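In the working numbering, the protein residues as written are 488 to 1021.
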């Protein structure tokens, strides 16, 4: 009924409501009154209404999941947020610092830390809980830690749900699916032996899979080698079910990256450890391909916390988080200019890529392809460098770039995610749009119809082009994963914010998780995989 018609309830006259102060004060309230705080701004003095109840302020700050930068701004503009709050566990901490600590304690990798370990991490990050929170959040953003994820490995695939349940499918000649057999799987199959273990990260290599639990344990299966060459399996022992890596039992691991000839893991404290690929001290230590012991990556990264690692063909990238900002270091083989230092020389110890400072770009996500690399900046710009074959750098040509160069044709979008493979690159924008460029082999770029309208889904693309086939699914894409191998036909996954997974590209081993028609070996258009990752 319309409120203006006869018989309608008359509106409440708010000015008739008398605002009377409460006169009944309990002894407990009298105690709170003595803890009353006042806020005096830098310009106009005034009382902060909630200062009498700092616990409410703390709850609001924590519940809102404010960014560390926001907490720092509160401290800078209002003395209430900067002075000691007189709360446990540290009565000297400010409200802003306590809020940062509370938000840190929500993270699975932070909860098990002892008080001593927490203090070590705090000092390593710069001496502030806000900096620790920034470090933890940075790792979650670039690695989808504790969120659903899909990994398009060389011939096999991994899908991790938001609850930490793992499904695998595809090639299984080395037992890399973890089901206790060597049989291929054409549909996602649950790894039942992991029941009761929550997985938060996954990595795939040729014939090998590594999973990371929320307790920091690493489980590996497939080829029993950390440094064997990608192609072939001579002399390898096969492990067909997930087994804990005993040599890493004393290191709380949060990420693994499998490259060619080596494997790297990242600890909770931001330290990088590598296996193998060091017979000529390429990674700063002397090892061989059968070495099962981790070695900490020394040099500059020894005292700088790393939030993400990415492995390519004989090289490693490390994204660091310091009080001064985010940076990228590289180490290993410099062929093609993929280390990003303006040359093609090898680096035995991690070296800072200085180009980002000149570009005034703060890296937040890094990706290492077989022979090229890419970074997304905080401002949404995308940089690529390395071997530009097939146009994988997105600069409109196939030339090499030995230092990071901004992809100018993407300057009208704000990128949030980047993925690289064997001469292929994908970029995801803030609104969920997906752009791809590089080698079109196996239909892995997602362009079922070429830009000029001619059917040529295998064509190479020299500049970023919108993947219209993903636009048509009318869901927001949040992650792209593609095969990073020079020996396997590539396939691609697109994960949406609703937990749906779409696949396209090579599927001859069942790695797409969908049934192909007779005589088909690939899928040109994205097709939904029958699995819910939400």
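Just so you know, even glycine gets a beta-carbon here, dropped at the ideal spot from N, CA and C.
No experiment lies behind these values; they were computed from the predicted model shown.
Rounded to the nearest whole angstrom, the C-alpha separation of residue 1011 and residue 997 is 15 Å. Under DSSP, residue 697 takes part in a beta bridge, and its partners are 690, 707. The closest CA to that of residue 976, considering only 962, 1008, 966, 855, is found on 1008. Taking residue 927 as reference, the option from 974, 972, 879 with the minimal CA-CA separation is 879. Nearest neighbour of residue 925 by Cα position, chosen from 899, 782, 882, turns out to be 882.
As DSSP reads the structure, residue 980 sits in a beta bridge with 968, 990. Sixteen is the threshold: when 16 or more other Cβ atoms of the shown chains lie within 10 Å of the Cβ of residue 659, as they do, the residue is buried. According to the DSSP assignment, residue 832 belongs to no alpha helix (DSSP H), since it is labelled neither H nor E. By a beta-carbon distance limit of 8 Å, residue 890 does not contact residue 804. Their separation comes to about 14 Å.
When secondary structure is reduced to three states using DSSP, residue 844 falls in the helix class. Contact between residue 808 and residue 794 holds, since their C-beta atoms are separated by about 5 Å, short of 8 Å.
Cβ atoms of residue 691 and residue 643 come within 8 Å of each other, at about 6 Å. Between the alpha carbons of residue 845 and residue 1002 lies a gap of roughly 49 Å. The Cβ neighbour count for residue 884, taken over all protein chains shown within 10 Å, is under 16; the residue is labelled exposed. The three-state reading of DSSP puts residue 619 in helix, counting H, G and I together. Looking at the backbone, the Cα of residue 652 and that of residue 630 are separated by about 17 Å.
Exclusion of the five residues before and after residue 945 leaves 927, 928, 929, 930 as the residues of its chain whose Cβ lies within less than 8 Å of its Cβ. Counting only unbroken stretches of 3 or more residues, the beta strand (DSSP E) elements lying wholly within the stretch 857–907 are 859–864, 869–873, 888–893, 902–907, in sequence order. Inter-segment contact for the stretch 700–708 and the stretch 603–611 is absent: fewer than three beta-carbon pairs are separated by less than 8 Å. With respect to residue 596, residue 739 sits close: the two C-beta atoms are nearer than 9 Å. DSSP places residue 591 in the uninterrupted alpha helix (DSSP H) bounded by 582–591. Rounded to whole angstroms, the gap between the alpha carbons of residue 745 and residue 798 is 6 Å. Nearest C-alpha to residue 956 among 970, 990, 947: 990. Under a 10 Å Cβ-count criterion, residue 679 is classified as exposed, with fewer than 16 other Cβ atoms of the shown protein chains found around its own Cβ.
The C-alpha of residue 617 is placed about 8 Å away from the C-alpha of residue 556. Within the same chain, and ignoring the five residues on either side of residue 673 in sequence, the residues whose Cβ sits closer than 7 Å to its Cβ are 656, 997, 1002. In this structure, the CA atom of residue 1014 is about 29 Å from the CA atom of residue 700.
From the listed residues 567, 790, 851, the smallest Cα separation to residue 806 is found for 851. Membership of residue 744 in any alpha helix (DSSP H) is not indicated; the residue belongs instead to the beta strand (DSSP E) covering 740–745. Spanning the alpha carbons of residue 900 and residue 917 requires a straight line of approximately 8 Å. Taking the CA atoms as reference points, residue 814 sits about 35 Å from residue 999. Here the C-alpha atom of residue 593 lies approximately 38 Å from the C-alpha atom of residue 933.
Between residue 685 and residue 727, the alpha-carbon positions lie close to 19 Å from each other. For the options 949, 696, 847, 981, the alpha carbon positioned closest to that of residue 958 is the one of 981. Taking a 10 Å sphere around the C-beta of residue 636, we find 16 or more other C-beta atoms and assign the residue as buried.
A straight line joining the alpha-carbon of residue 907 with that of residue 627 spans about 19 Å.
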